[in-house]
Amino acid sequence: MKLPTTLSTVLGNLFKKPATNPFPKTEPVPVPEKFRGKLVYDVDRCVGCKLCVTVCPAGVIEYVPEVRKVTFWLGRCVFCQQCVDVCPVNALSMSDEFLLATTDKYDDNLRWFHGEEIERLKEKLAEKKKTKA
Amino acid sequence: MNLLYATLEFIGVYVYVSLASLLWAGIDRKLVARMQRRIGPPLLQPFYDFLKLAGKESIIPRDANRFFELAPLLALATSIALLAYTPLGFEPIFGTKGDVVVFIYLLTLVGFVRMAGAVSSGSPYAQVGAQREMTILASREPPMMLALFAILWRLKGLGVEKPFSMGTFYEHSVWELGTPLSVIGALLLLVAFLFWLSSEIEVGYFDIPEAETELAEGPMAEYSGRHLAMFELAGAIKTFVSASLVVAIFFPWGISGQLGLTGLPATVVELLFHTLKVFAVLFVSMSLFRATTGRLRITQAVNMLWARLLPASVVGTLLLIIDTLGVVA
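Sequences listed follow chains A and B, in order. Each residue of the first sequence is one higher than the one before, counting from 549 in the numbering used here. Each residue of the second sequence is one higher than the one before, counting from 2 in the numbering used here.
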């Protein structure tokens with residue numbers, strides 16, 4: 549029977565401060581450089597080249613042919629950043645946001661350019677066509 | 002009338018020990034957390050756990066028999082009955098001549114009921130857990146019994162009112178003998194008792210029946226809701242009682258004498274002081290042990306109890322006997 553070697557460590561730890569970050573009371577641990585957080589989509593820059601649709605491994609992105617843009621559902625995103633790397637016009641970027649928990653998987657928080665936004669853009673395009681004509 | 006007072010006292014002790022033992026569980030979790038550089042749960046976490054469990058749905062497995070629901074009740078009832086014979090800084094409420102046998106019997110019965118309830122659940126995990134519980138139960142009691150009887154026999158030699166009762170520790174203590182041999186023997190027995198306490202409450206080396214990581218809670222695998230809450234409370238009370246035994250044997254000194262108190266205030270002060278001593282003993286035997294040691298396999302644990310702990314008890318007992326018979330003057 550020898551004393552466990554951890555005994556001194558454990559007793560020393562009793563008099564040290566806990567090495568934890570009590571998150572909700574404090575800020576979360578700061579994110580590093582080039583952190584791959586929630587995807588950000590800039591609709592106006594997008595030219596609808598479909599490269600991101602091709603490269604996405606998780607099927608997050610869907611092409612909307614009527615307006616030549618893409619729509620995102622980030623519930624599937626695996627944060628691999630390939631769409632950002634491949635986008636020729638830099639319409640996509642990774643943010644620092646990582647607190648993405650929701651109760652509804654179709655939350656607005658997890659979607660880019662959907663529903664009414666598409667409809668509005670369609671109307672805009674229709675008006676443009678009218679003025680041209 | 003006397004019986005009525007005793008009953009009221011008994012209920013009071015039960016309520017107090019329930020609160021104190023659950024509080025200790027909270028302190029223990031906090032201490033172990035701090036030993037691992039964590040903050041740990043709030044101090045009253047075991048109370049929240051207990052209330053939550055008591056309020057949750059209790060699921061009875063299809064293959065469980067009638068005893069499955071009865072076991073937690075019996076375990077709790079047994080541990081409550083145990084309090085009547087536990088030295089808590091004053092003589093046990095129903096302490097009589099020879100009640101040490103009742104004490105040991107009830108202490109063992111709690112483990113036995115746990116095992117019987119586990120076997121009744123029909124789950125193979127619980128079966129394996131129950132087997133281990135039984136194995137370790139049979140292995141850990143002999144050293145404790147030997148040491149306890151030896152000490153009580155020695156105290157009887159000093160002339161006590163009720164021989165072989167738990168109250169005799171408060172008349173004479175094992176350190177009073179004062180001879181070198183008896184002190185060495187008593188120290189050996191103290192070490193044996195601290196290890197026995199760890200195996201009795203199943204922490205550290207002896208966390209074998211419950212073995213969360215390999216057996217999925219063992220005997221408690223199928224218990225949920227208020228049945229589990231009753232088992233948790235029974236376990237907490239048993240922890241307190243087991244530690245109380247060690248405290249009563251080796252550190253029976255009170256403080257009411259120094260403070261010049263008598264009657265009820267003295268009893269209350271003794272109870273609080275005893276609680277402090279129990280917490281100190283449990284700190285060594287539970288928190289430190291739990292934080293510094295891993296689980297043994299059941300074979301290793303049995304080997305340790307029979308080949309290490311029992312010889313320690315035997316040697317300590319022999320030293321006490323030799324000291325008494327005056328073979329080595």
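Beta carbons are placed, not taken as given, at the ideal position from N, Cα and C, and that holds for glycine.
{"Asked": "Residues bridged to Glu610 (chain A) by DSSP?", "Found": "A:Thr619"}
{"Asked": "Measure the Cβ-Cβ separation of Met116 (chain B) and Val204 (chain B) and say whether it is below 9 Å.", "Found": "no"}
{"Asked": "Taking Met642 (chain A) and Gln630 (chain A) to be in contact with their CB atoms under 8 Å, please state how far apart those CB atoms are, rounded to whole angstroms.", "Found": "Not really, about 11 Å apart at Cβ, beyond 8 Å."}
{"Asked": "Using a Cβ-Cβ distance cut-off of 9 Å, determine whether Lys582 (chain A) contacts chain B.", "Found": "no"}
{"Asked": "Report the rounded CA-to-CA distance for Lys564 (chain A) versus Gly99 (chain B), giving the unit in angstroms.", "Found": "48 Å"}
{"Asked": "Beta strand (DSSP E) containing Tyr654 (chain A): first to last residue?", "Found": "Premise fails: Tyr654 (chain A) is in no beta strand (DSSP E) and is neither H nor E."}
{"Asked": "Residues of the region 564 to 590 of chain A in Cβ contact with chain B at a cutoff of 7 Å, in chain order, please.", "Found": "Lys564, Pro566, Ala567, Thr568 and Pro570"}
{"Asked": "Suppose the cutoff is 8 Å on Cβ atoms and the five residues either side in sequence are ignored; what does the same chain contact list for Asp644 (chain A) look like?", "Found": "Val579, Phe583 and Gly585"}
{"Asked": "In the DSSP assignment, find the alpha helix (DSSP H) that holds Tyr17 (chain B) and state where it starts and stops.", "Found": "Asn3 to Met36"}
{"Asked": "Are there three or more Cβ pairs, one per stretch, closer than 8 Å when the region 147 to 165 of chain B is compared with the region 273 to 289 of chain B?", "Found": "no"}
{"Asked": "Taking the alpha-carbon of Pro566 (chain A) as reference, which of B:Leu24, B:Ala34, B:Thr8 and B:Tyr6 has the nearest alpha-carbon?", "Found": "B:Ala34"}
{"Asked": "Using three-state DSSP, classify Trp254 (chain B) as helix, strand or coil.", "Found": "coil"}
{"Asked": "Between Cys600 (chain A) and Pro576 (chain A), what straight-line distance do the alpha-carbon atoms span, to the nearest angstrom?", "Found": "31 Å"}
{"Asked": "Counting only C-beta atoms, is Gln301 (chain B) closer than 9 Å to chain A at any point?", "Found": "no"}
{"Asked": "At which residues does the beta strand (DSSP E) containing Tyr589 (chain A) begin and terminate?", "Found": "Leu587 to Tyr589"}
{"Asked": "DSSP on Ser140 (chain B), reduced to helix/strand/coil?", "Found": "helix"}
{"Asked": "Just checking my contact of His275 (chain B) with Leu77 (chain B) at CB under 8 Å: how many whole Å lie between their CB atoms?", "Found": "The pair is not a contact, with the Cβ atoms about 22 Å apart (cut-off 8 Å)."}
{"Asked": "Identify the continuous beta strand (DSSP E) that holds Leu511 (chain A) and give its terminal residues.", "Found": "Lying before the first or after the last residue shown, residue 511 (chain A) is absent from chain A, which here runs from 549 to 681."}
{"Asked": "Would Met36 (chain B) pass as an interface residue toward chain A - the criterion being a Cβ-Cβ separation below 9 Å?", "Found": "yes"}
{"Asked": "Report the three-state DSSP secondary structure of Arg624 (chain A) (helix, strand or coil).", "Found": "helix"}
{"Asked": "Please report the Cβ distance between Ala222 (chain B) and Ser124 (chain B), rounded to the nearest whole angstrom; I am assuming they are in contact, meaning their Cβ atoms lie under 8 Å.", "Found": "5 Å"}
{"Asked": "Which residues of the region 36 to 51 of chain B have a Cβ closer than 9 Å to any Cβ of chain A? Give them in chain order.", "Found": "Met36, Gln37, Arg38, Arg39, Ile40 and Gly41"}
{"Asked": "So, with DSSP's three-state summary, where would you put Arg668 (chain A)?", "Found": "helix"}
{"Asked": "Pair every Cβ in the region 183 to 191 of chain B with every Cβ in the region 94 to 113 of chain B, then say whether three or more of these pairs are closer than 8 Å.", "Found": "no"}
{"Asked": "Could you have a look at Arg659 (chain A) and say whether DSSP puts it in helix, strand or coil?", "Found": "strand"}
{"Asked": "Three or more C-beta pairs under 8 Å: does that hold for the region 138 to 149 of chain B against the region 291 to 308 of chain B?", "Found": "yes"}
{"Asked": "Under 8 Å between beta-carbons, which chain A residues line up against Ala292 (chain B)? List them in chain order, please.", "Found": "Thr554 and Val558"}
{"Asked": "Along chain A, in chain order, which residues have C-beta atoms closer than 8 Å to that of Leu189 (chain B)?", "Found": "The contacting residues do not exist; Leu189 (chain B) stays about 12 Å from chain A at best."}
{"Asked": "So which of A:Lys598, A:Val615 and A:Arg616 has the shortest CA-CA distance to Val608 (chain A)?", "Found": "A:Lys598"}
{"Asked": "Just to confirm before moving on: does the CB-CB distance between His228 (chain B) and Glu70 (chain B) stay below 9 Å?", "Found": "yes"}
{"Asked": "Determine the direct distance from the alpha carbon of Tyr654 (chain A) to that of Val16 (chain B), and round the result to whole angstroms.", "Found": "51 Å"}
{"Asked": "Give me the Cβ distance between Phe68 (chain B) and Gly118 (chain B), rounded to the nearest whole Å; I'm assuming they're in contact under 8 Å.", "Found": "7 Å"}
{"Asked": "For Gln37 (chain B), tell me which candidate among A:Glu664, A:Val595, A:Leu551 and A:Leu559 has the shortest Cα-Cα distance.", "Found": "A:Leu559"}
{"Asked": "Relative to the alpha-carbon of Thr620 (chain A), which residue among A:Lys670, A:Thr679, A:Ala674 and A:Leu640 has its alpha-carbon at the smallest distance?", "Found": "Before going further, note that residue 620 (chain A) is Phe rather than Thr in the sequence given. Measuring from the Cα of Phe620 (chain A), the nearest candidate turns out to be A:Leu640."}
{"Asked": "Just the chain B side, please: which residues come within less than 8 Å of Asn561 (chain A) by C-beta, in chain order?", "Found": "Arg35, Met36, Gln37 and Arg38"}
{"Asked": "Do you know offhand how far Val595 (chain A)'s Cα is from Arg624 (chain A)'s?", "Found": "23 Å"}
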